[in-house]
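Trainee: Chains as they are written, first to last, in my numbering: chain A, 1 to 335; chain B, 1001 to 1300. Backbone N, C-alpha and C define an ideal beta-carbon position, used for all residues, glycine too. As the structure is a prediction and not an experimental result, all values here were calculated from the model. Would you mind keeping the following structure in view while I ask a few things?
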Amino acid sequence: MITNEVILKSLSEVGSTVLLILAGTVLIEALLYFILVKWVKYKYALPFMLLAPAAIGLIALVIYPLIWELRLSFTNMSLRAFKNPEFIGFKNYVRVFTEPVLKQKMFFPLFGQTILWTVVNVTFHVGVGLFLAILLNRNMRGKGIYRTLLILPWAIPQVIAVLAWRGEFNFSYGYFNIILTRLGLTPVPWMTDPTANFIAMCLTNIWLGIPFMSVTLLGGLQSISTEYYEAAEMDGANGWQQFRNITLPLLQPVLTPAILLGTFWTFNNFNVPFFINQNELESSDIMVTGLFRAAFQYNRYGFSAAFAFVIFTLLMIFTIFYMRYTRSLKGAYES
Amino acid sequence: MSTITLTSNKATSKPKRSFFRSGREDSPFKRIIIHIVLIIACVISIFPVLRVFAISLRPGDRLMSTDLALIPPDATLESYRIILFDKPFLSWVWNSVAITVATALIGVILAATAAYAFSRWKFPGRSVGLVFLLATQMIPASMLMIPIYILAINLGMVGTYRGLVIAYCVTSIPFSVWILKGYFDTVPIDLEEAARIDGCSQLQAFLKILLPLSTPALAITFLFNFMQAWNEYLLARVMLGSSESLMTWPLGLQRLQGQYQTQWGQFSAGSILVMLPVVILFLYSSKYLISGLTLGGVKG
């Protein structure tokens, strides 16, 4: 069922927005042209003009909200004090560490849970992804079909995939418990038992994340010249030695950013822990879902802003150490 | 490593021996093992989709069942009929298509120009910019939700597509710039320089030389932007409010999960239908996926 009215309405809304963006871009470019090219005659006028639309968008939608949020984190804004929040200094930041972040759960157990979640997921993503990539990186029949089927989880809208998985963890109608019952074992209460629920979350997310890793790593593997392996074989290196001394080091430029992005995405994954955790078990929450609950369910806006910056800072520290340690992202911004 | 993407097919052209990357000389036994492992992996990977498909074919009175058959004995297309003709499903999909195509195109254009600047000039503030792009990936999505929502209210953008379209265009930029910059870095600058000697302007060299050479990366970027906007739920829910006629499909399907009980059959049928365009797009571009995704900074 679809009416002309709906078609026209969404077209005109989208169309007018596109025109708006276009007009804004033209205006900015004209302005920059006159200032940088005609007036200042700046050496880097062209790159700055090329960057301007993206930069302005990011400033408006990332930097400005971040600064706004930073200000919010020093106030006691909540549902009770929505209109005129007071400035309360660092109190929110102190509260993050001293009071329960959710109803009962304190910050550090939640942090530990998140680390566990990230480590388990990224380990499996990289391990299985690399294994599949190595299997696929050869001449064989059906390679294209395997590759296509293996990246399918990536193509499925995440909300649908997660809800489908949640259905499979249903106590009486889910696939896992049907199989367990048929095998004569006791069905597992995936939705109510804290450990089982956490395992369910991990299974779902591992399934979701492997395609990205295997595709990325396969791209990296294919770029490694066969000559290295031929030389190694002549020297009598076995498979493991070749993997250890050729594949891994040469894959590093791809592996390092892939692991970094994978870590961010897993650490910040919202859909999986939020939807799989149907009964809102606090034991299954990770920091990001905790943040969402603090903000939108308990309406502690000021507090959740402070909490958000704590999470952000932790990721930042991790990134700095990771980049120092691996040093391989240098090329990304120094080349 | 600098030509990582251009040499992508070379590695498979010669016979090799070891387990960790082998080819024609694999023993038959090993080949069988590899095929078995891959088949198991494929089954696991498509399994949830098959289950959703099976549920979408079930008649309405036995949605909850412990039956494991892929095509139930009394299969029916009733759920598809209901969702296509009795529910505003098509208008949800249309809304999503309009938003998604527009934002993915604009997103790619903005990212491509920015990535070109990052790849070809060493302007002041360049490394700060690249680190900033990486840092945006660390921001939890729900972190920016409150300020963006309040900003949208102040600009009168709630309940229209304006805020949503702009937000989708912008949020995909950092990752796109990363991919495109990584790819542009692998294209030798000599080609553009030659074009400039022949009288092209810098912009013409970008449009006529670099962009056509970067089709795989552009295709991948478009695909990512498309998927991100197509699947987005949280921001759409916040920005569109309760407007019925503007709903995108994730909001609509979520609504099918209903106040009283989930319409599992219709939900599954709808899921299968919205999955199709993305899966087709994915399969079509999968030949680009491997070579296009060099993940920035692969140059070494």
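On the three-pair Cβ rule with 8 Å, is the region 1121 to 1138 of chain B touching the region 1195 to 1208 of chain B?
Mentor: Taking 8 Å as the limit for Cβ pairs, the verdict is that the region 1195 to 1208 of chain B does not touch the region 1121 to 1138 of chain B.
Trainee: Per DSSP, what are the beta-bridge partners of residue 75 of chain A in this structure?
Mentor: DSSP, once it has assigned bridges, lists A/87 as partnering residue 75 of chain A.
Trainee: Alpha carbon to alpha carbon, how far is residue 323 of chain A from residue 66 of chain A? Give it in angstroms, no decimals.
Mentor: Distance between the alpha carbons of residue 66 of chain A and residue 323 of chain A is about 24 Å.
Trainee: Less than 8 Å separating the beta-carbons of residue 352 of chain A and residue 1172 of chain B?
Mentor: Residue numbering for chain A in the displayed model covers 1 to 335; residue 352 of chain A lies beyond these limits and cannot be assessed.
Trainee: Here's a check: name, in chain order, each residue in its chain whose Cβ is nearer than 7 Å to the Cβ of residue 1136 of chain B, leaving out the five neighbours to either side.
Mentor: Correct list, in chain order: 1174.
Trainee: Measuring alpha carbon to alpha carbon, tell me which residue in B/1180, B/1203, B/1231 is nearest residue 1301 of chain B.
Mentor: This structure gives no information on residue 1301 of chain B, because the portion of chain B shown stretches from 1001 to 1300.
Trainee: Please list the partners that residue 1169 of chain B has in chain A, where partner means a Cβ-to-Cβ separation under 8 Å.
Mentor: Going along chain A in sequence order, the residues near residue 1169 of chain B (Cβ under 8 Å) are 21, 57.
Trainee: Comparing the C-beta of residue 1104 of chain B with each C-beta of chain D, is any distance below 8 Å?
Mentor: The structure shown contains no chain D; the protein chains it does contain are A and B.
Trainee: Can you look up residue 1108 of chain B in the DSSP assignment and give me helix, strand or coil?
Mentor: Residue 1108 of chain B: helix per DSSP, three-state reduction.
Trainee: Can you look up residue 1058 of chain B in the DSSP assignment and give me helix, strand or coil?
Mentor: DSSP places residue 1058 of chain B in coil when its eight states are reduced to three.
Trainee: Give the residues of chain A in contact with residue 1117 of chain B, contact being defined as C-beta atoms less than 7 Å apart.
Mentor: The answer, in chain order, is 47, 50, 51.
Trainee: Put residue 42 of chain A into one of helix, strand or coil per three-state DSSP.
Mentor: Residue 42 of chain A: coil per DSSP, three-state reduction.
Trainee: Check the Cβ-Cβ distances between residue 18 of chain A and every residue of chain B, and say whether any is below 8 Å.
Mentor: Chain B, which has a Cβ nearer than 8 Å to the Cβ of residue 18 of chain A, makes this yes.
Trainee: For chain A, is any of its Cβ atoms less than 8 Å away from the one on residue 1225 of chain B?
Mentor: So no, residue 1225 of chain B is outside the interface.
Trainee: Output the residue ranges of the alpha helix (DSSP H) runs that lie fully inside the region 265 to 333 of chain A and measure 4 residues or longer, sorted by chain position.
Mentor: With a minimum length of 4 residues, the continuous alpha helix (DSSP H) runs that stay inside the region 265 to 333 of chain A are 271 to 276, 287 to 292, 301 to 326.
Trainee: Let me know the secondary structure DSSP gives residue 99 of chain A once reduced to three states.
Mentor: Three-state result, residue 99 of chain A: coil.
Trainee: Does any residue of chain A bring its CB to less than 8 Å from the CB of residue 1042 of chain B?
Mentor: At least one chain A Cβ lies under 8 Å of residue 1042 of chain B.
Trainee: Could you tell me whether any Cβ in chain A is nearer than 8 Å to the Cβ of residue 1263 of chain B?
Mentor: By this cut-off, residue 1263 of chain B is not an interface position.
Trainee: Would the beta-carbon of residue 88 of chain A fall within 8 Å of that of residue 74 of chain A?
Mentor: Contact flag set, yes.
Trainee: Tell me whether the region 295 to 305 of chain A and the region 130 to 147 of chain A touch, counting them as touching only if at least three CB pairs, one residue from each stretch, are closer than 8 Å.
Mentor: Cβ pair count under 8 Å is below three, so no.
Trainee: Report the neighbours of residue 1113 of chain B on chain A: residues whose CB is nearer than 8 Å to its CB, in chain order.
Mentor: Those within 8 Å of residue 1113 of chain B in chain A are 50, 51, 53, 54.
Trainee: Taking DSSP as the reference, what is the three-state secondary structure of residue 1001 of chain B?
Mentor: With a pLDDT of only 33 at residue 1001 of chain B, under 50, the local geometry of the prediction cannot be trusted, and the value read off the model is given with reservation. Reduced to three states, the DSSP call for residue 1001 of chain B is coil.
Trainee: With DSSP as the reference, label residue 1264 of chain B as helix, strand or coil.
Mentor: Here residue 1264 of chain B sits in helix by DSSP.
Trainee: Answer yes or no: does any C-beta atom of chain B fall closer than 8 Å to that of residue 176 of chain A?
Mentor: False, the Cβ-Cβ gap to chain B never drops below 8 Å.
Trainee: My assumption, with CB atoms under 8 Å, is that residue 86 of chain A sits in contact with residue 76 of chain A. Please give the rounded CB distance.
Mentor: Contact flag correct, Cβ pair sits at about 5 Å.
Trainee: Provide the residue span of the alpha helix (DSSP H) that contains residue 208 of chain A, from first to last.
Mentor: Residues 194 to 222.
Trainee: Check residue 1024 of chain B in the structure and name its three-state DSSP category.
Mentor: With a pLDDT of only 45 at residue 1024 of chain B, under 50, the local geometry of the prediction cannot be trusted, and no value is derived from it.
Trainee: Which value, in whole angstroms, describes the spacing of the CA atoms of residue 19 of chain A and residue 1105 of chain B?
Mentor: Distance between the alpha carbons of residue 19 of chain A and residue 1105 of chain B is about 13 Å.
Trainee: For residue 169 of chain A, does the three-state DSSP call read helix, strand or coil?
Mentor: If DSSP states are grouped into helix, strand and coil, residue 169 of chain A belongs with coil.
Trainee: Can you tell me whether residue 1182 of chain B is buried or exposed, with buried defined as 16 or more other CB within 10 angstroms of its CB?
Mentor: Buried, by the Cβ-count rule.
Trainee: Measure the alpha-carbon distance for residue 288 of chain A versus residue 1281 of chain B and round it to whole angstroms.
Mentor: Going from the Cα of residue 288 of chain A to the Cα of residue 1281 of chain B covers about 31 Å.
Trainee: Would you identify the three-state DSSP class for residue 123 of chain A, choosing helix, strand or coil?
Mentor: DSSP places residue 123 of chain A in helix when its eight states are reduced to three.
Trainee: Quick one: is residue 1021 of chain B buried, meaning 16 or more other Cβ sit within 10 Å of its Cβ, or exposed?
Mentor: With a pLDDT of 49 at residue 1021 of chain B, under the threshold of 50, the modelled position of this residue cannot be trusted, and the question is left open.
Trainee: If the cut is a Cβ gap below 7 Å, which residues of chain B does residue 148 of chain A touch?
Mentor: Residues of chain B passing the Cβ test: 1283, 1286.
Trainee: Can you tell me whether residue 222 of chain A is buried or exposed? The criterion is at least 16 other CB atoms within 10 Å of its CB, across all chains shown.
Mentor: Its Cβ being crowded by 16 or more others within 10 Å, residue 222 of chain A is buried.
Trainee: So residue 266 of chain A and residue 122 of chain A are in contact, right, with Cβ under 8 Å, and what is the actual spacing, rounded?
Mentor: About 6 Å separates the two Cβ atoms, so the contact holds.
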